[in-house]
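Okay, so the sequence shown: first residue is 5 according to the working numbering, each after it adds one. Positions of the beta carbon are idealized from the N, C-alpha and C atoms, including for glycine. Since this is a predicted model, take the numbers as computed values, not measurements. Report on the structure given below.
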Amino acid sequence: MGAHGSEKDGFDCLVVGAGPVGLLSALLLGRAGRRVLIAERRPARYPLPRACTIDHEALRILQGAGVMTEYADLFEPSQGDRGGYQLRNAQGELLRAINWNRTAESGWANTNGFYQPDLEVALEELVTALPTVELWRGWTVTDLAETGDRVGVRMVATEDESRSRDALARWVIAADGANSTVRERLGIAGIDSGFEADWLVVDYRPIVDPPWDAFVTQYCDPVQPATAVRSGPGRRRFEFMRPVGMSVEELGRAETAWRLMAPWGVTAANAHLERHAVYTFRGRSASRWRAGRVFLAGDAAHLMPPFLGQGLCAGLRDAQALTWRLRLVQRGLADSSVLDTYASERSAHVQEIIDEAVALGQVVCETDPARAATRDAAMKAELADPERVTVEPPHPRLGRPSLTMPSNGADGRLSVQGRVVVDGQVGLYDDLVGGDWQLIGWEVDPAVVLSRSDLDWFAGIGGTVGMVGDGRHPGAPVDVDGTYRRWFADHDCQVVLSRPDFYVFGTGTAERAADLISGLRALLAPSTSRRQDSVAS
5 MGAHGSEKDG
15 FDCLVVGAGP
25 VGLLSALLLG
35 RAGRRVLIAE
45 RRPARYPLPR
55 ACTIDHEALR
65 ILQGAGVMTE
75 YADLFEPSQG
85 DRGGYQLRNA
95 QGELLRAINW
105 NRTAESGWAN
115 TNGFYQPDLE
125 VALEELVTAL
135 PTVELWRGWT
145 VTDLAETGDR
155 VGVRMVATED
165 ESRSRDALAR
175 WVIAADGANS
185 TVRERLGIAG
195 IDSGFEADWL
205 VVDYRPIVDP
215 PWDAFVTQYC
225 DPVQPATAVR
235 SGPGRRRFEF
245 MRPVGMSVEE
255 LGRAETAWRL
265 MAPWGVTAAN
275 AHLERHAVYT
285 FRGRSASRWR
295 AGRVFLAGDA
305 AHLMPPFLGQ
315 GLCAGLRDAQ
325 ALTWRLRLVQ
335 RGLADSSVLD
345 TYASERSAHV
355 QEIIDEAVAL
365 GQVVCETDPA
375 RAATRDAAMK
385 AELADPERVT
395 VEPPHPRLGR
405 PSLTMPSNGA
415 DGRLSVQGRV
425 VVDGQVGLYD
435 DLVGGDWQLI
445 GWEVDPAVVL
455 SRSDLDWFAG
465 IGGTVGMVGD
475 GRHPGAPVDV
485 DGTYRRWFAD
495 HDCQVVLSRP
505 DFYVFGTGTA
515 ERAADLISGL
525 RALLAPSTSR
535 RQDSVAS
């Protein structure tokens, strides 16, 4: 492949794929003034649902991208008995409950149902309104070539391969899905978890919507494993594992979908069938997440069974974790070496979730009656333990090496957002105070121990310094629900420095605030010999 374009005509970043992960990546970069091209092979948006649950952390990411201001009503918070997520056996007996209804540390409901096409419309509207972002639909990437500090990308028209188009970018984000052409072109292998099962996914709109006692129920029936999900306002989903002896072709028929839903009273008389499709649920991750100036994100980097509802959430975390690094590097505020920690942090984090999803999938998918009976007895015995009645969703730490400072176990863990009062207005901290980087003190002001140089530098990377308290300090945001008081007490600290992806960089006493800032400065310090990776801010 020859050279493509000129530096003047190039993009800061080329994003391959206009699904939620690609659109969010472009939105986060475009809002920061970066020039972004999105290349999407489909000529039009995919009109049918895929992912249907999204967690609190992902909603905080969308909040920071400006999505929740106008589109919060797209999401239906988890509700229902015993934490909202239930596993039941063939007789309907409760085996396990997971607390998806809990108050989450990110300021949003722990888990929410949603309709993916609506989210993609919202993201695309925000993206295309930015003057710095272009969306090329109907173009398939066929080749990439890295030359110096640029990547040349060749595309062909999806519906007419005789037409080609070239683009040049400093960085490429491959968010082009499970069958990523970019990953294949780069020769990056996948690491398989060993779990694989065919399931029929059925989405419908109820005409009559009877109440469900759970948000998600996994029916661990060895004859017919099944899942029932509230998949967004006005929508429901069933999933059915392919029984032994049934072909994939038969499983995928509409009449099969209606027959399998009939035991729940769902019929053509009381529901509109929106989609039915067979998917192979599997766990897999890429052996590498980076090849030079090209990064993998979302399903291109990892796949997991849907039993924890974390597939899309993991992809949105990828977008957030990668784009804040790219923004700093391209502004000359961080050395390009900070990009190395994207893969190490994210791959280990998502692998823990994949492993938990696979383990849960093995429980749900058991088809041997004797082993299922043994499983049922063991899980019902666990329910008698008060500590195991309603378990928590997974809370992985970032993988290592990570861009953090050791802080009594809090570093690399998800930070907190609660409601505060600022100048008489009640709202979430990110909305009222903000900051890509947040240095927050509980009942102490970290700014008093920082030098003017540190304060100016921190503001320059998008940081805010502030105190949250119980109302005794005039002008300080007031902790409305005790969220911050509990979090600081649980982590035995007075200050926390959190990153743009909401993970804890470090914690400590009030006096350690200066050490946290100096440590961050040292880790980000841009090398004057590598300034070719930066562009004018």
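The DSSP-derived three-state label of residue 523 is helix. Annotated three-state conformation of residue 439 is coil, per DSSP. Within the region 271 to 315, not a single complete alpha helix (DSSP H) segment reaches 4 residues in length. The criterion of a C-beta distance shorter than 8 Å is satisfied by residue 62 and residue 317. Under a 10 Å Cβ-count criterion, residue 271 is classified as exposed, with fewer than 16 other Cβ atoms of the shown protein chains found around its own Cβ. In this structure, residue 355 and residue 289 form a Cβ contact; the two beta carbons are roughly 6 Å apart against a cut-off of 8 Å. By the beta-carbon neighbour count (other beta carbons within 10 angstroms, threshold 16), residue 97 is exposed.
Excluding the 5 residues flanking it on each side, residue 485 has same chain C-beta neighbours closer than 7 Å at 422 and 423, in chain order. Between residue 145 and residue 186, the C-beta gap is smaller than 8 Å, which places the two residues in contact. For residue 65, there is no enclosing beta strand (DSSP E); the enclosing alpha helix (DSSP H) covers residues 60 to 68.
Runs of the alpha helix (DSSP H) lying entirely within the region 357 to 396, each at least 4 residues long, are 373 to 387 in chain order. Cβ-Cβ separation between residue 177 and residue 20: approximately 7 Å, consistent with a contact (criterion under 8 Å). Under the three-state reduction of DSSP output, residue 451 falls in the helix class. Residue state for residue 136 is assigned as coil, using DSSP reduced to three classes. Residue 120 is not a Cβ neighbour of residue 17, given a cutoff of 8 Å. Taking 8 Å as the cut-off, the beta carbon of residue 287 is found closer than this to the beta carbon of residue 358. Look at residue 24 here: in three-state DSSP terms it is helix.
The alpha carbon of residue 439 has as its nearest neighbour, out of 468, 132 and 100, the alpha carbon of 468.
Rounded to whole angstroms, the Cβ separation of residue 322 and residue 68 is 15 Å, and the two are not in contact under 8 Å. Within the model, the alpha-carbon separation for residue 490 versus residue 505 is close to 21 Å. If you check the CB distance, residue 225 and residue 94 come in under 8 Å.
The residue from 114, 212, 279 and 267 with its alpha-carbon nearest to that of residue 52 is 279. When secondary structure is reduced to three states using DSSP, residue 235 falls in the coil class, being assigned neither helix nor strand. About 11 Å separates the CB atoms of residue 112 and residue 82; that is not less than 8 Å, and the two are not in contact.
Look at residue 491 here: in three-state DSSP terms it is helix. By the Cβ rule, the region 73 to 89 does not count as touching the region 328 to 337, because fewer than three pairs are nearer than 8 Å. One Cα belongs to residue 221, the other to residue 102, and the distance between them is close to 10 Å.
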